[in-house]
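Sequential numbering of the sequence shown, starting at 41, is according to the numbering used here.
These notes are about the structure you will find just below.
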Amino acid sequence: MAVEDLHEYVDLLEEKQMLVRVKAEVDPVLELSEILRRLVAQRQGKAVLFERVTGSKIRVLGNAFSSEELVALGLGVNSLGELSGRLGDLLKPEIPHGFLESIRALPRLRELAGFAPRGVKTGPVKEIVDVVNPTIAGLPIPKVWPKDGGRFITFPLVVTKDPESGLTNIGVYRMQVYDDRTLGVHWQLHRKSSQVFKELEKQGRKMDVAVVIGADPSTIFAGVAPVPDAFDEYLFAGFVKGSGVELVECETVDLRVPARAEIVLEGYVNPGEYRLEGPFGDHTGYYTPPEPYPVFHLTGVLMRRDPIYLTTVVGKPVQEDAYLAKAASSVFTAPLKILFPEIVDLYLPPEGVFTNLAIVSIKKSYPGHAKKVMMGLWAMPQLMFLKVIIVVDDDVNIRDMGEVVWATTTRFDPARDVVIVPATPTDSLDHASAMPNLGSKMGIDATVKWREEGYNREWPEVVGVDEKTKKLVDSRWAEYFAG
């Protein structure tokens, strides 16, 4: 089973000897983030708990998910493949034929219902409630990079609700501190929260927002994973955790938040109110320039008596976010295969900053199959920003870049096998396109070509040792070096 809250996760990390405690006093301005960066670069796979942070009485946890092992530990699974398999089984589109099969399908429906969030009257997050004079002044909010526009909450779970559908959206959108009661909300054009806000803005209505800083790992994962818009993220968090997330009502806004969260900021954004946000050293490895974003106004603070402030550092890959992104792509490969049974594996290399490069292996069945897969992936909201897609055959291990480069350079012809799609949506952080949010995409068909695809020569056979010789050398291997 997954852990119930961040405190429990820290205890588990300590038990597994996967936690580093920093007892020396550390400045949240630049120093704290540099420590986290150096430790990630060493690939130690340990979380870091800062016990004394200048200007605050609150402890800070960083690098909490800085390895695949840490992510799996937090989600209560032995491997991410285990979670992917569960999700694939749950979403498998089996249509019941007859009454008996309908009855057999009921346990799966009951299982899904068991993951639904559960309302409770109170919880640890309400040990301290301030709605009279709320402030973020005592929070140890870091400044990450020297040229950042200020201090940023880098790992907030921004909770909003679609008033039409009633569905909750949880997203990780950085927040810049302007003063003790106002912050910028960096939700991008194509994100669900931004779209809902735009609709409310047209009606002249403000939008309630709750900012969760530190929750159970399953809810955090729901905030970073590419959950479909029609799926409530608290429900997905319950699925990951294996039980429904306990939620409490906020004090000043019409939203619910995890009862066992560490810190919650309640507030709202006004229609038509924008302020320059940034610059910020982002996961692309570049500073994103200042741009206007909505302004969050604080109306309440909920907090544990001994809260842990969760932070993360992003920048030129590979940082902590790469492991969360890898986990998300691994988990969602199984349901992706339901839509595209020909897909063997999908990989988003961390150096491709999540949205710039995807490598896909397929079981090719007909001419043009690779291009069909490209178009299908680009049509999915969760993958619509992919700048480059490389499609290879199923004999290629797409997680071995050596194999990918070999297959790409020996199986594609630039004039024949490159697809360029102009004027398509791009990630807001993609500075390479000539215009914000609009650019081009490229698909590379690196599969073995068929005659039906215009290849009129005989495709050469891949070299390989014969089985007889392989067995002979295997059996005599020790003998060769016996002296």
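Note that beta-carbon positions come from the ideal geometry of N, C-alpha and C, so glycine has one too.
The DSSP assignment places no complete run of the alpha helix (DSSP H) inside the stretch 315 to 344 (cut-off: 4 residues). According to the DSSP secondary-structure assignment, Lys201 is paired through a beta bridge with Thr208. By the criterion of a C-beta distance shorter than 8 Å, Leu426 is surrounded in its chain by Thr395, Asn396, Leu397, Ala398, Leu417, Trp418, Lys481, once the five residues flanking it on both sides are discounted.
It is roughly 49 Å from the alpha-carbon of Pro330 to the alpha-carbon of Gly494. For the pair Ala156 and Gly278, the CB atoms are nearer than the 9 Å cut-off. Look at Ser401 here: in three-state DSSP terms it is strand. Secondary structure in the stretch 217 to 243: the alpha helix (DSSP H) runs of 4 residues or longer, each lying completely within the stretch, are 232 to 242 in chain order. Our two residues, Ala255 and Leu46, have alpha carbons roughly 6 Å apart in a direct line. Bounds of any beta strand (DSSP E) do not take in Tyr49; it lies within the alpha helix (DSSP H) bounded by 46 to 55. Rounded to the nearest whole angstrom, the C-alpha separation of Lys56 and Glu239 is 47 Å. Note that the stretch 243 to 263 touches the stretch 286 to 296; at least 3 beta-carbon pairs, one per stretch, sit closer than 8 Å.
When DSSP reads this structure, Met482 sits in a beta bridge with Val428, Ile460. For Glu71, the enclosing alpha helix (DSSP H) starts and ends at 71 to 81. Counting only the Cα atoms, Phe336 lies some 10 Å from Arg315. The criterion of a C-beta distance shorter than 9 Å is satisfied by Pro180 and Val100. With fewer than 16 other beta carbons inside 10 angstroms of its own, Met415 counts as exposed. Cβ-Cβ distances below 8 Å link Glu382 to Ile402, Lys403, Lys404, Ser405, His409, Val413 in the same chain, with the five nearest sequence neighbours on each side left out; the list follows chain order. Nearest in C-alpha terms to Val358, of all of Pro334, Glu71, Leu76, is Leu76.
Taking the Cα of Val393 as reference, the smallest distance to any Cα among Thr373, Ala365, Phe372, Ser370 is reached at Ala365. Within the DSSP bridge table, the entry for Ser96 names Val93 as partners. Rounded to the nearest whole angstrom, the C-alpha separation of His230 and Val436 is 33 Å. When the five nearest sequence neighbours on each side are left out, the beta carbons in the same chain lying within less than 7 Å of the beta carbon of Asp272 are those of Leu207, Thr208, in order along the chain. Membership of Leu59 in the beta strand (DSSP E) is indicated by the continuous run 59 to 62. By the 16-neighbour rule on beta-carbons within 10 angstroms, Lys242 is exposed.
Taking C-beta separations shorter than 6 Å and ignoring five residues to either side along the sequence, the partners of Val212 in its chain run Gly263, Val264, following chain order.
Check the Cα spacing between Asp361 and each of Glu498, Lys377, Ser107, Gly178: the tightest is with Ser107. The beta-carbon separation of Pro174 and Gly340, rounded to 5 Å, stays under the 8 Å limit for a contact. In terms of CA proximity to Glu291, Val169 leads the group Val169, Lys246, Gln228, Asp188. Of the candidates Ala367, Leu72, Leu512, the residue whose Cα lies closest to the Cα of Lys183 is Leu72. The residues Ile399, Ile438, Arg439, in chain order, have a CB closer than 6 Å to that of Tyr387 in the same chain once the five nearest residues on each side in sequence are set aside. Setting aside the 5 residues that flank it on each side, Asp220 is surrounded in the same chain by Thr175, Ile176, Ala177, each with a C-beta closer than 7 Å to its C-beta; the list follows chain order. Separation of Thr222 and Val111 (C-alpha to C-alpha, rounded to the nearest whole angstrom) is 32 Å.
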